[in-house]
Amino acid sequence: KHSVVLVALSCAVLASAWPSLQQTEYEFEPIKDSKDEPQSGGWRTWNALVSWLRPATNYVTQSLPDKTPSQFANDVRETAVNLRDRAADHPAVQGVSRVVRPVGEWFRNTANSLSKTSFRDMYEGAMNSVRRADETVAQWINRRNAEQQLEQYNYGLADGVEQVLH
409 KHSVVLVALS CAVLASAWPS LQQTEYEFEP IKDSKDEPQS GGWRTWNALV SWLRPATNYV
469 TQSLPDKTPS QFANDVRETA VNLRDRAADH PAVQGVSRVV RPVGEWFRNT ANSLSKTSFR
529 DMYEGAMNSV RRADETVAQW INRRNAEQQL EQYNYGLADG VEQVLH
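Mapping to our numbering: the sequence shown position 121 is 529, numbers consecutive.
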């Protein structure tokens with residue numbers, strides 16, 4: 409339970425510091441390319457991670473101690489709303505929303521229709537659908553079987569005619 413609370417609190421702190429990520433002035437020099445530096449990705453990754461987490465670190469060490477729980481909750485709420493709005497404005501999210509919207513409408517319409525249908529009517533409707541499917545499959549199989557028999561008859565007839573002619 410404690411680890412879940414710690415993870416949730418960490419996520420909330422990061423989320424509340426998110427808006428200041430773009431506006432933060434960093435306290436150290438960015439890494440410069442140098443031939444003297446090792447080409448290992450570890451140092452660059454570490455510095456990039458420190459830079460990325462700097463707003464959250466600043467929030468936790470400088471702002472959070474003076475805030476009340478209510479102010480902290482408000483910061484988290486504002487950050488979540490900001491993140492939701494920014495995500496909603498992203499073209500990829502808008503595209504997915506346009507694709508998924510008809511499916512959601514179909515679910516709502518189906519649920520609304522089913523909420524007004526008795527179990528007896530649902531059962532009869534399902535049974536009618538199964539009967540129609542059974543008839544359709546049987547017709548297809550019978551048609552394929554008849555075509556195959558006709559092909560065999562035609563081959564047999566052609567063989568008989570060929571034997572008579574030779």
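The beta carbon of each residue, even a glycine, is placed where N, CA and C say it ideally should be.
* Asked: Do L491 and F480 have their CB atoms nearer than 8 Å?
  -> no
* If we count the other Cβ atoms within 10 Å of its Cβ and call it buried at 16 or more, is A554 buried or exposed? -> exposed
* By Cβ distance below 8 Å, which residues in the same chain neighbour L522 in space, the five residues on each side in sequence not counted? -> M530
* **Close beta carbons around A495, own chain, < 6 Å, minus the five adjacent residues each side** => V501
* So S521 is in the alpha helix (DSSP H); what residue range does that whole segment cover? -> 499-523
* In terms of alpha-carbon separation, which member of Y467, D497, H498 lies closest to D483? -> Y467
* Asked: Taking DSSP as the reference, what is the three-state secondary structure of S526?
  -> coil
* Three-state secondary structure assigned by DSSP to T476 -> coil
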